[in-house]
Amino acid sequence: MNDMKFDIDAAAPKPSALAMVPFVSVADMMRQVNQAGIDRVLRDLAAYIEADFRRWPEFDKTPRVASHSPEGVIELMPTADAEAYGFKYVNGHPKNMREGFQTVTAFGVLASVATGYPLLLSEMTLLTALRTAATSALAGKYLAPEGAEVMAMIGNGAQCEFQALAFRALTGINRLRLYDIDTEATDKAIRNLAALDFQIARCASTEEAVEGAQVITTCTADKRNATILTDNMVGAGVHINAIGGDCPGKTEIHPDILRRAAIFVEYPEQTRIEGEIQQLDADHPVTELWQVLTGAAAGRSDARQITLFDSVGFAIEDFSALRYVHDRVRAGAPHVLLDMIADPDDPRDLFGMLRRAEGTG
Ligand code: NAD
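For the sequence shown, my numbering assigns the number 1154 to the last residue and increments by one with no breaks.
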């Protein structure tokens, strides 16, 4: 029996370098973003996402694996190309915020397809906000009306400032019209954004916020079919960046607007389950964003068209974000090494490695 008692703390030899996996903690991510500058990070992330969207057919794709409960959802988002495999673990719990928890938290892994070994473990709560904003702004760059400067933002929670900064970094947005049912959320957003040279109008309703806006971002969190935007609020030529409707039974846009708009999506197989278009017939025409980026499909057709990016967040965006962070880590960005992979001297002698702890392996 004694043979089976191993003292893990006493494990003697250090695992080889291959078995040590870079880990980017929340503090590391904060340092990385602050050192590089958030505008630079958003632009770089958008470039990585655009590069991966342009080679869309190279990826294994599947709608994310979602585990729903009355309070929220926990999801795994996997994808792979010929070299790397990535996945994100992410939750969405709108009621969390009232209890002092965040609505969305995440972490993710990038791994080598050749060996199956993890290459990177990273926090992805901050990274999700950054990559969601970079993706929205990338879509906005291709779809928003020419010369757009004014964006209405309905929902001023965790994603809000990231969205504003990404739209400024990638498009010409510099004026914001903010509305949230909770005035404290708007206070927070104004506090954070006022120092960053945005012209900001605090609005008393969604109707007021969308007045004169060429782009409308909806980023509310409510686990129901909400109607944040009704048909009469949306005039010709507007681009709608709808990010809060991302789960079955959780939408923001009235179906009449969807029927008037040209709709752009990430991965239709997932968006038809989770996005605003779950409210439409299963064969309602949509355009895949990656095809707009490659030029295979048209973006905005004219100045009067209403365009709508029905964002739900797709695994390739997380893959791009992890690829970006991995490149930064290789260039020396903050991280620690984790002893994550067992590393027996003889690959078949995993049991023998256990015994290293006793000095007998
Ligand atoms: P959050 O809980 O921090 O903020 C949501 C805000 O919406 C809150 O301030 C709340 O008061 C406000 N709100 C709720 N109902 C409203 C209404 N009717 N009108 C105006 N404001 C309203 O959440 P968050 O992290 O900012 O996320 C926002 C939404 O975006 C969530 O639904 C989340 O699931 C979604 N999301 C989508 C993606 C994506 O890739 N598409 C990524 C991240 C988050």
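Using N, Cα and C, we set each Cβ at its ideal position, and we do this for glycine too.
Item to check | Beta-carbon gap between Arg924 and Gln1063 smaller than 8 Å | outcome: To locate residue 924, count along the sequence shown from 1; it is residue 131. To locate residue 1063, count along the sequence shown from 1; it is residue 270. No, Cβ-Cβ distance for Arg924 and Gln1063 is not below 8 Å.
Checklist entry - At which residue ranges does the stretch 842-929 contain complete beta strand (DSSP E) runs of 3 or more residues, listed in the order of the chain? => result 858-861, 866-873, 877-885, 899-905 and 911-916
Item to check | Cut-off 6 Å between Cβ atoms - residues of its own chain near Ala1019, not counting five sequence neighbours on either side | outcome: Position 226 of the sequence shown, counted from the start, is the residue given in the question as residue 1019. Cβ within range, chain order: Glu1045.
Item to check | Per-residue DSSP class, three states only, for Phe816 | outcome: Within the sequence shown, the letter at position 23 stands for residue 816. In the structure shown, Phe816 sits in a strand (DSSP, three-state: E or B).
Checklist entry - Does the beta-carbon distance from Val1031 to Met944 come in below 8 Å? => result Residue numbering aside, residue 1031 sits at position 238 when the sequence shown is read from its first letter. Residue numbering aside, residue 944 sits at position 151 when the sequence shown is read from its first letter. Cβ distance not < 8 Å, so Val1031 and Met944 don't count as in contact.
Next on the checklist: As a quick exercise: from Phe894, Thr921, Glu1059 and Asn889, pick the residue whose alpha carbon is nearest that of Val883.
Outcome noted: Position 90 of the sequence shown, counting from 1, holds the residue named residue 883. Residue Thr921 is the option with its Cα nearest to Val883.
Checklist entry - Along the chain, where does the alpha helix (DSSP H) that runs through Tyr1060 open and close? => result Stepping through the sequence shown from its first residue, residue 1060 is reached at position 267. Unbroken run through Tyr1060: none, as it is neither H nor E.
Next on the checklist: Pop quiz: Lys881 and Gly901 are said to be a contact at Cβ under 8 Å. What is the actual Cβ separation, rounded to whole angstroms?
Outcome noted: Against the sequence shown, residue 881 aligns to sequence position 88. Against the sequence shown, residue 901 aligns to sequence position 108. About 4 Å separates the two Cβ atoms, so the contact holds.
Next on the checklist: Less than 7 Å separating the Cβ of Ala1019 from some heavy atom of the ligand NAD?
Outcome noted: In the sequence shown, residue 1019 corresponds to position 226, counting from 1. Within the cutoff, so yes.
Item to check | Residues of its chain near Leu835, where Cβ-Cβ distance is below 8 Å and the 5 sequence neighbours each way are ignored | outcome: Residue 835 sits at position 42 when you count from the first residue of the sequence shown. Excluding positions up to five away in sequence, the list reads Leu923, Ala926, Ala927, Ala930, Phe955, Leu958, Ala959, Ala962 and Leu963.
Item to check | Anticipated Cβ contact below 8 Å, Glu916 with Val826, distance rounded | outcome: As a first step, residue 916 is located in the sequence shown; it is residue number 123 there, counting from the start. As a first step, residue 826 is located in the sequence shown; it is residue number 33 there, counting from the start. Not confirmed; about 11 Å, so no contact.
Checklist entry - If we ignore side chains and look at the alpha-carbon of each, how far apart do Asp1024 and Asp821 end up? => result Along the sequence shown, read from residue 1 onward, the residue named residue 1024 stands at position 231. Along the sequence shown, read from residue 1 onward, the residue named residue 821 stands at position 28. Between Asp1024 and Asp821, the C-alpha separation is close to 44 Å.
Checklist entry - Taking the alpha-carbon positions, what's the Glu843 to Leu1086 distance? => result Working through the sequence shown from its first residue, we reach residue 843 at position 50. Working through the sequence shown from its first residue, we reach residue 1086 at position 293. So the two alpha carbons sit approximately 7 Å from each other.
Checklist entry - Is the stretch 966-975 touching the stretch 1129-1139, taking contact as three or more C-beta pairs under 8 Å? => result no
Next on the checklist: Measuring alpha carbon to alpha carbon, tell me which residue in Ala1075, Arg1053 and Asp1136 is nearest Arg1097.
Outcome noted: Counting from 1 along the sequence shown, the entry for residue 1097 is found at position 304. Taking only the C-alpha atoms, the option nearest Arg1097 is Arg1053.
Item to check | Neighbourhood of Arg847 by C-beta, 6 Å cutoff - its chain only, sequence neighbours within 5 removed | outcome: On the sequence shown, residue 847 is found 54 positions in, with the first residue counted as 1. Excluding positions up to five away in sequence, the list reads Leu1086 and Thr1087.
Checklist entry - Can Ile1021 and Thr1011 be called in contact, C-beta distance under 8 Å? => result Locating residue 1021 in the sequence shown gives position 228, where the first residue counts as 1. Locating residue 1011 in the sequence shown gives position 218, where the first residue counts as 1. Result yes, Cβ atoms of Ile1021 and Thr1011 sit closer than 8 Å.
Item to check | Whole-number beta carbon distance between Gly1042 and Arg1065, since they are thought to touch under 8 Å | outcome: As a working mapping, residue 1065 is identified with position 272 in the sequence shown. As a working mapping, residue 1042 is identified with position 249 in the sequence shown. Contact flag wrong, Cβ pair sits at about 14 Å.
Next on the checklist: Please report the straight-line C-alpha distance between Arg968 and Asp1136, rounded to a whole angstrom.
Outcome noted: As a position in the sequence shown, residue 968 is number 175, starting the count at 1. As a position in the sequence shown, residue 1136 is number 343, starting the count at 1. Near 55 Å, if we compare the C-alpha coordinates of Asp1136 and Arg968.
Checklist entry - Going by the CB atoms, is the gap between Gly879 and Thr872 shorter than 8 Å? => result As a first step, residue 872 must be located in the sequence shown, where it is residue number 79. As a first step, residue 879 must be located in the sequence shown, where it is residue number 86. In contact: Thr872 and Gly879 (Cβ atoms closer than 8 Å).
Checklist entry - Would you call Ser1113 buried or exposed, if buried means 16 or more other Cβ atoms sit within 10 Å of its Cβ? => result Against the sequence shown, residue 1113 aligns to sequence position 320. By the 10 Å Cβ count, Ser1113 comes out buried.
Item to check | Backbone secondary structure at Met1026 - three-state DSSP | outcome: The sequence position of residue 1026 within the sequence shown is 233, counting from 1. In this structure, Met1026 counts as helix in the three-state DSSP scheme.
Checklist entry - Is the beta carbon of Asn884 within less than 7 Å of some heavy atom of the ligand FAD? => result Looking for the ligand FAD in the displayed structure turns up nothing; the ligands present are the ligand NAD.
Item to check | Ordered list of alpha helix (DSSP H) runs contained in the stretch 934-964, each at least 4 residues | outcome: 953-963
Checklist entry - Identify the residues that DSSP records as bridge partners of Val1079: which are they? => result As a working mapping, residue 1079 is identified with position 286 in the sequence shown. Its beta-bridge partners do not exist; DSSP assigns none.
Item to check | Presumed contact (8 Å Cβ cut-off) between Ile859 and Thr896, rounded CB distance | outcome: For this step, residue 859 is matched to residue 66 along the sequence shown. For this step, residue 896 is matched to residue 103 along the sequence shown. The sequence shown places Ala at residue 859, rather than the Ile named in the question. With 8 Å as the limit, Ala859 and Thr896 do not qualify as a contact, their Cβ atoms being about 15 Å apart.
Next on the checklist: I'd like to know whether the C-beta atoms of Ala1002 and Leu1101 end up nearer to each other than 8 Å.
Outcome noted: Here residue 1002 corresponds to residue number 209 of the sequence shown, with the count starting at 1. Here residue 1101 corresponds to residue number 308 of the sequence shown, with the count starting at 1. Against a cut-off of 8 Å, the Cβ pair of Leu1101 and Ala1002 comes out as no contact.
Item to check | CA nearest to the CA of Tyr841, picked from Tyr935, Asp1111 and Asp1138 | outcome: In the sequence shown, residue 841 corresponds to position 48, counting from 1. Of the candidates Tyr935, Asp1111 and Asp1138, the one whose C-alpha sits nearest the C-alpha of Tyr841 is Asp1111.
Checklist entry - Hey, quick one: how far does the alpha helix (DSSP H) through Asp1120 stretch, first residue to last? => result As a first step, residue 1120 must be located in the sequence shown, where it is residue number 327. Where Asp1120 is concerned, the enclosing alpha helix (DSSP H) stretches over Ala1108 to Arg1123.
Checklist entry - Cβ of Gly1028 versus every heavy atom of the ligand NAD: is any distance shorter than 7 Å? => result The residue given as residue 1028 occupies position 235 in the sequence shown. Result no, Cβ not under 7 Å from the ligand NAD.
Item to check | Those runs of the alpha helix (DSSP H) which lie wholly inside the stretch 957-1022 and span at least 4 residues | outcome: 976-987 and 999-1003
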